[in-house]
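Undergrad: In my numbering, the protein residues as written are 106 to 1045. Backbone N, C-alpha and C define an ideal beta-carbon position, used for all residues, glycine too.
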């Protein structure tokens, strides 16, 4: 029995029984993670799935809290965990322990070739037995409704398949489930047909005729149509009587010419792997009634991603569902010679496959298309239109009557086919690392790949999960069985020569050549943007940044980005952000170096660095007064920096672009833009502090220090040294921090910079506090107050005065600390220094607590927590909430204590901070004990 059950009410089986998951929202969060078990689900995706497009303001915080609780709940299962990875939250579990995944696996197994009917029926029966009622029962929302409906279609298809097999052995067993399903889906003709044939096989022919009459009546009343050919054939078979009715409609007994059954699908691809979700999505179309309109599925994706392999593999797998045959044509939409197949040529080939005598084929495309549609009427056929260039190339080849399924593949998104013909569109991406490794194992043999898993992992990563690239590498490895896989991995390591290593010798399998077919179809402006994107640092780019990179107006850039995404040379995984895989990036960069002169490339690099630097400085100022004074050069022509509206927008921008900014900083230092490098590091400092990215903070300023030394800029060197020291101190490396602060202090004194000296004294005070050198810390804080006064920095003077108060309270002088805190607030309020205000309220809370003034302490802590939440400083928000809980515990307010500690724990767990363990222990063991037993811990 699966432990996590979604096919009914959401339930989680624990070792001691059924776990108490909690309220519907928490169960929805669990379901949102479970459907993608083993893969990261971004917080924004969880929010959309749980709350829909109109999520409340506190949705992200609610997700943190629910995930924190789910981690605890899942610990009781022993086999299911919720973890955090870089891409989001991951529900880690064997997928067979989750009922919907087990259901799909069993249904997929039942479709395997060569299985006896009895085994298929048993597998399908086991799959259907996992259903306990309405999927995701008790949950609501657009995503839930959509998911529930998709699963119902899969259930319907599996039930029909099981009943057809069961009818061959014991038809009476299948009647009940089929009747119940038909009550739910009264207009589903394949279901009605199966029930009729099963009733007849069980000796209940009269009921079969009643079933037909009821369905016919409902079709007429509700849709204004008559039953389709398959249902009518079943009706006639029951009326004729005689031999038992087979589980599939019999061939016509009329004296008509034998219909040809074309089977044009190419040979199935050896070693096909993965694509479980895509195959399930295609499988769902098989439940469409024969009388429904033609189903058109348009599969798009970048060059070499495996669109044809998917279409051909699926076509072979389901060919028995299309008893009238399968038509296939390669439309050569992106042929290297530019000779895409004319629709008239493809149509003539289809008519030949249907054995239409040449004398019967009319002249003209329209007349031929009409004949083609007539021939496909009343047939159940699969039509695969591979490698289409656009919708116009496809339209003459679409059947007109119900019953057929058309599968179109294209590198372009055929949006007009969806708008006019109602095509179901979906794009396929590169393979996951697990799927890519499985593909190599299938082609090279498990023993060979098992000998060097590290090389296999590197090969799949260097090939970016692109099936074509993996096929080229595996073909080369198969041809040289003694070649170590580590050697192949090494050849792929050099980004500049990687595409050479993926050259299989002919146009169809050379990765570079295959990419070129799409590139050559672009407009000149889109081709230029594609090349420039190959020079862009970081994993993705926003539309505004692409505008600055191109030096084009925003509206023009949006059109060019749309052209690139339509051609699948660029992906838009989230609205407004664009990316491509590493092989396309290498190809684009190669083209830029070949087709654009060095001066043009350098101008583009300068524009994008200007964009990121100026946007980062504007965003940093919204987070609060920065400690570092940075005066950038004016932006170059064509650069349009972004304008975050407020503090939340600034934090959102930094979060979305952090990895890009880090890459830009390193690229700036590497390519001789040293001023951009150190200034970008300074612009990132506030965000690094707020987001608790201390290692990244130190790394950024290590690059900045080297850049400043190359420039001979002593002020920039002092700035970098002080930031490295602050990060090292936060990481617990106090002696390293002190050494760098001493160097920074010497530079600031040489420069005559009192504000720089003051900031360095503040940092030295923090280091001294963490080393428990209290009197020394107080001396540094007082010196910072005096120097900020000289520099005219009122807000920072208030911040330093709060540090003096903090030093006093650590020395046991709590009443003096309260007085100093009030004086600090007077300086800070109105100076726009919310961070300083928040820290001062924290100091006041700590002092009041030690004076036994718990009500005042709690009020101060609550004020500090609100301010840190507004600032997006999650570490200090978590820290303050923990101490608020300590104060409430001392005041014997158990309920409020639990709430404060739980909120703090959720944030610490989200940050992966070690303080979470101690706080979890407090929650589990300290509540209910004498409050005096839980003293407020010492703090830095």
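Excluding the 5 residues preceding and the 5 following residue 383 in the sequence, name in chain order all residues of the same chain whose CB lies nearer than 7 Å to its CB.
TA: 415, 533
Undergrad: Using a Cβ-Cβ cutoff of less than 6 Å, which residues in the same chain neighbour residue 741 once the five nearest sequence positions on both sides are dropped?
TA: 711, 712, 715
Undergrad: Is residue 672 helix, strand or coil by DSSP?
TA: Reduced to three states, the DSSP call for residue 672 is coil.
Undergrad: Would you say residue 407 and residue 623 are within 9 Å of each other, going by their C-beta atoms?
TA: yes
Undergrad: Measure the beta-carbon distance from residue 1051 to residue 244 and round it to whole angstroms, keeping in mind my assumption that it falls under 8 Å.
TA: There is no way to answer for residue 1051, as the model of the chain reaches only from 106 to 1045.
Undergrad: Roughly how far, in whole angstroms, is the beta-carbon of residue 806 from the beta-carbon of residue 825, given that I think they are within contact range, below 8 Å?
TA: 4 Å
Undergrad: Closer than 8 Å by C-beta to residue 779: which residues in its own chain qualify, once you throw out the five before and the five after it? Chain order, please.
TA: So the qualifying residues of the chain are 773, 812, 813, 815, 816.
Undergrad: Closest by CA to residue 176, which one among 1017, 1027, 1030?
TA: Per the C-alpha coordinates, the member of 1017, 1027, 1030 positioned closest to residue 176 is 1017.
Undergrad: Around the Cβ of residue 491, are there at least 16 other Cβ atoms within 10 angstroms (buried) or fewer (exposed)?
TA: buried
Undergrad: Which residue wins for smallest C-alpha separation from residue 127, given the options 178, 144, 112, 119?
TA: 178
Undergrad: Is the separation between the beta-carbon of residue 986 and that of residue 970 shorter than 9 Å?
TA: yes
Undergrad: Pick helix, strand or coil for residue 407, following the three-state DSSP scheme.
TA: coil
Undergrad: Along the chain, where does the beta strand (DSSP E) containing residue 531 start, and where does it finish?
TA: It spans 529-532 - the beta strand (DSSP E) in which residue 531 sits, taken as one unbroken run.
Undergrad: If you draw a straight line from the C-alpha of residue 466 to the C-alpha of residue 389, how long is it?
TA: 35 Å
Undergrad: Nearest CA to the CA of residue 754: which residue from 967, 367, 724?
TA: 724
Undergrad: Considering residue 327, what are the terminal residues of the alpha helix (DSSP H) in which it resides?
TA: Note, residue 327: premise wrong, no alpha helix (DSSP H); not H, not E.
Undergrad: Could you tell me the boundaries of the alpha helix (DSSP H) in which residue 627 lies?
TA: Where residue 627 is concerned, there is no enclosing alpha helix (DSSP H), given that its DSSP letter is neither H nor E.
Undergrad: For residue 628, count neighbouring C-beta atoms within 10 Å of its own C-beta (all shown protein chains included) and say buried if the count is 16 or more, exposed if not.
TA: So residue 628 counts as exposed.
Undergrad: In chain order, what residues of the same chain have a beta carbon less than 6 Å from the beta carbon of residue 670, not counting five sequence neighbours either side?
TA: 677
Undergrad: How about residue 952 and residue 914: are their beta carbons less than 9 Å apart?
TA: yes
Undergrad: Could you tell me which whole beta strand (DSSP E) segments of length 3 or greater appear in the region 119-202?
TA: Segments of the beta strand (DSSP E) lying fully in the region 119-202: 186-190, 193-197.
Undergrad: Return helix, strand or coil for residue 114, following the three-state DSSP convention.
TA: strand
Undergrad: Using only alpha-carbon positions, find the residue among 445, 447, 480 that is nearest to residue 462.
TA: 480
Undergrad: Short of 7 Å in beta carbon distance, which residues of its chain neighbour residue 632, apart from the five on each side in sequence? Order them along the chain.
TA: Excluding residues up to 5 positions away in sequence, 624 lie with their Cβ nearer than 7 Å to the Cβ of residue 632 in the same chain.
Undergrad: In angstroms with no decimal places, state the Cα-to-Cα distance between residue 420 and residue 370.
TA: 7 Å
Undergrad: I need the boundaries of the alpha helix (DSSP H) containing residue 800, first residue and last residue.
TA: 799-816
Undergrad: Tell me whether the beta-carbon of residue 795 lies closer than 9 Å to the beta-carbon of residue 850.
TA: no
Undergrad: Go ahead and pull the three-state DSSP assignment for residue 453.
TA: Note: residue 453 maps to helix in three-state DSSP.
Undergrad: For residue 969, which of helix, strand or coil comes out of DSSP?
TA: DSSP places residue 969 in helix when its eight states are reduced to three.
Undergrad: DSSP on residue 832, reduced to helix/strand/coil?
TA: helix
Undergrad: Determine, using beta carbons only, whether residue 215 and residue 268 come nearer to each other than 9 Å.
TA: no
Undergrad: What is the DSSP secondary structure of residue 491, counted as helix, strand or coil?
TA: strand
Undergrad: Taking residue 909 as the reference, give the member of 883, 896, 928, 900 with the closest Cα.
TA: 883
Undergrad: Which residue comes first and which comes last in the beta strand (DSSP E) that contains residue 435?
TA: 431-435
Undergrad: Counting only the same chain and skipping the five closest in sequence on each side, list residues whose C-beta sits under 7 Å from that of residue 1046.
TA: Given a span of 106 to 1045 for the chain in the structure shown, any question on residue 1046 remains unanswerable.
Undergrad: For residue 547 versus residue 413, is the C-beta spacing smaller than 9 Å?
TA: no
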